[in-house]
Amino acid sequence: MLYLFDEFVLDTDRRELRRDGRTIPLQPQVFDILEYLIRHRTRVVTKDDLIGAIWGGRIVSESALTTRINAARTGIGASGEAQRLIKTLPRKGVRFIGTVREAAREVENAVVPLKTEISTLVVGRTPPSRRSTR
(Lines of atoms letter the chains of each structure in order from A and count residues from 1; the text may use other names and numbers.)
(Lines give C-alpha, C1' and ligand atoms only; values in the text may rest on other atoms or scores of the structure.)
Protein backbone atom coordinates (compact mmCIF):
# COMPACT_ATOMS: atom_id res chain seq x y z
CA MET A 1 0.00 0.00 0.00
CA LEU A 2 1.14 3.52 -0.74
CA TYR A 3 0.16 6.44 1.46
CA LEU A 4 0.69 9.82 -0.20
CA PHE A 5 0.77 13.01 1.89
CA ASP A 6 2.38 16.39 1.24
CA GLU A 7 5.47 15.57 -0.85
CA PHE A 8 5.89 12.16 0.82
CA VAL A 9 5.10 8.56 -0.10
CA LEU A 10 5.01 5.91 2.61
CA ASP A 11 5.43 2.56 0.86
CA THR A 12 4.42 -0.21 3.26
CA ASP A 13 5.43 -3.03 0.90
CA ARG A 14 8.98 -1.77 0.55
CA ARG A 15 9.02 -0.22 4.05
CA GLU A 16 10.26 3.08 2.62
CA LEU A 17 9.47 6.71 3.20
CA ARG A 18 10.22 8.80 0.11
CA ARG A 19 10.24 12.54 -0.41
CA ASP A 20 10.37 13.79 -3.97
CA GLY A 21 11.58 10.35 -5.08
CA ARG A 22 14.43 10.07 -2.56
CA THR A 23 14.34 7.53 0.25
CA ILE A 24 14.44 8.91 3.78
CA PRO A 25 16.08 6.44 6.16
CA LEU A 26 13.95 5.49 9.18
CA GLN A 27 14.59 3.02 11.96
CA PRO A 28 12.15 0.08 11.81
CA GLN A 29 10.16 1.14 14.89
CA VAL A 30 9.96 4.72 13.64
CA PHE A 31 8.58 3.47 10.31
CA ASP A 32 6.08 1.29 12.19
CA ILE A 33 4.90 4.23 14.30
CA LEU A 34 4.45 6.43 11.25
CA GLU A 35 2.56 3.69 9.41
CA TYR A 36 0.35 3.02 12.45
CA LEU A 37 -0.47 6.71 12.88
CA ILE A 38 -1.34 7.07 9.20
CA ARG A 39 -3.51 3.93 9.16
CA HIS A 40 -5.36 5.14 12.27
CA ARG A 41 -5.48 8.82 11.31
CA THR A 42 -9.21 9.10 11.95
CA ARG A 43 -8.70 8.83 15.71
CA VAL A 44 -6.37 9.72 18.54
CA VAL A 45 -3.79 6.97 19.09
CA THR A 46 -2.87 6.39 22.72
CA LYS A 47 0.55 5.46 24.04
CA ASP A 48 -0.86 2.07 24.98
CA ASP A 49 -2.04 1.59 21.38
CA LEU A 50 1.48 2.25 20.09
CA ILE A 51 3.16 0.08 22.72
CA GLY A 52 0.79 -2.79 21.93
CA ALA A 53 1.13 -2.48 18.17
CA ILE A 54 4.84 -1.67 17.84
CA TRP A 55 6.41 -3.33 20.86
CA GLY A 56 3.93 -6.16 21.34
CA GLY A 57 2.97 -4.96 24.82
CA ARG A 58 6.52 -5.05 26.20
CA ILE A 59 7.44 -2.45 28.77
CA VAL A 60 8.71 0.69 27.03
CA SER A 61 9.84 3.86 28.74
CA GLU A 62 8.07 7.14 28.12
CA SER A 63 11.31 8.61 26.78
CA ALA A 64 11.80 5.75 24.29
CA LEU A 65 8.29 6.26 22.92
CA THR A 66 8.72 10.05 22.76
CA THR A 67 12.08 9.65 21.01
CA ARG A 68 10.53 7.41 18.32
CA ILE A 69 7.58 9.76 17.77
CA ASN A 70 9.97 12.70 17.45
CA ALA A 71 12.07 10.70 14.97
CA ALA A 72 8.91 10.09 12.91
CA ARG A 73 8.24 13.84 12.97
CA THR A 74 11.81 14.55 11.89
CA GLY A 75 11.51 12.04 9.04
CA ILE A 76 8.53 13.91 7.61
CA GLY A 77 10.11 17.32 8.11
CA ALA A 78 7.97 18.31 11.07
CA SER A 79 8.74 19.26 14.63
CA GLY A 80 7.05 18.93 17.99
CA GLU A 81 6.46 22.67 18.10
CA ALA A 82 4.82 23.06 14.70
CA GLN A 83 2.93 19.72 14.84
CA ARG A 84 2.16 20.10 11.15
CA LEU A 85 1.41 16.42 10.49
CA ILE A 86 1.61 14.63 13.84
CA LYS A 87 -0.32 16.37 16.60
CA THR A 88 0.12 15.63 20.29
CA LEU A 89 -3.02 15.84 22.39
CA PRO A 90 -1.80 16.20 26.00
CA ARG A 91 -2.77 13.27 28.23
CA LYS A 92 -4.66 11.68 25.30
CA GLY A 93 -2.18 10.58 22.64
CA VAL A 94 -1.12 11.54 19.14
CA ARG A 95 -2.87 11.82 15.82
CA PHE A 96 -1.73 12.06 12.20
CA ILE A 97 -3.53 15.15 10.87
CA GLY A 98 -2.18 15.39 7.33
CA THR A 99 -4.31 14.77 4.27
CA VAL A 100 -3.57 11.26 3.01
CA ARG A 101 -4.33 9.57 -0.28
CA GLU A 102 -4.13 5.80 -0.49
CA ALA A 103 -2.95 4.05 -3.64
CA ALA A 104 -2.52 0.37 -4.34
CA ARG A 105 0.86 -0.58 -5.72
CA GLU A 106 0.73 -1.14 -9.45
CA VAL A 107 1.88 -4.58 -10.46
CA GLU A 108 5.43 -4.12 -11.63
CA ASN A 109 6.53 -5.72 -14.87
CA ALA A 110 3.00 -6.91 -15.55
CA VAL A 111 2.48 -8.97 -18.67
CA VAL A 112 0.04 -7.28 -21.01
CA PRO A 113 -1.91 -9.74 -23.16
CA LEU A 114 -1.26 -9.35 -26.86
CA LYS A 115 -4.60 -8.66 -28.55
CA THR A 116 -3.31 -8.11 -32.07
CA GLU A 117 -2.97 -11.11 -34.33
CA ILE A 118 0.51 -11.76 -35.62
CA SER A 119 -0.73 -11.56 -39.22
CA THR A 120 -1.75 -7.91 -38.72
CA LEU A 121 1.83 -7.09 -37.90
CA VAL A 122 3.05 -8.24 -41.31
CA VAL A 123 3.13 -5.25 -43.64
CA GLY A 124 0.72 -5.49 -46.53
CA ARG A 125 -1.16 -8.47 -45.22
CA THR A 126 -4.75 -8.27 -44.01
CA PRO A 127 -5.96 -10.70 -41.35
CA PRO A 128 -8.18 -13.50 -42.71
CA SER A 129 -11.35 -12.07 -41.13
CA ARG A 130 -10.80 -8.72 -42.89
CA ARG A 131 -9.90 -9.96 -46.39
CA SER A 132 -12.26 -8.82 -49.04
CA THR A 133 -14.26 -11.43 -50.87
CA ARG A 134 -14.32 -9.53 -54.17
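The sequence shown begins at 1 in UniProt numbering and counts up by one.
Built from N, CA and C at the ideal position, the CB exists for glycine as well.
The beta-carbon separation of MET1 and GLU102, rounded to 6 Å, stays under the 8 Å limit for a contact.
Between the C-alpha atoms of LYS47 and GLY75 there is a straight-line separation of about 20 Å. Just measuring C-alpha positions, the residue of GLU7, THR12 and VAL30 sitting nearest ARG19 is GLU7. Nearest neighbour of PRO25 by Cα position, chosen from TRP55, VAL45, GLY77 and LEU65, turns out to be GLY77. Taking THR99 as the centre and dropping the five residues before and after it, the same chain places the C-beta of PHE5 closer than 7 Å to its C-beta, in chain order. The C-beta of VAL45 has 16 or more other C-beta atoms within 10 Å across all chains shown, which makes the residue buried.
With contact defined as three or more Cβ pairs closer than 8 Å, the region 87-99 and the region 51-63 are not in contact.
Scanning its chain for C-beta atoms nearer than 6 Å, with the 5 sequence neighbours on each side dropped, one finds around ASP11 the residues LEU2, in chain order.
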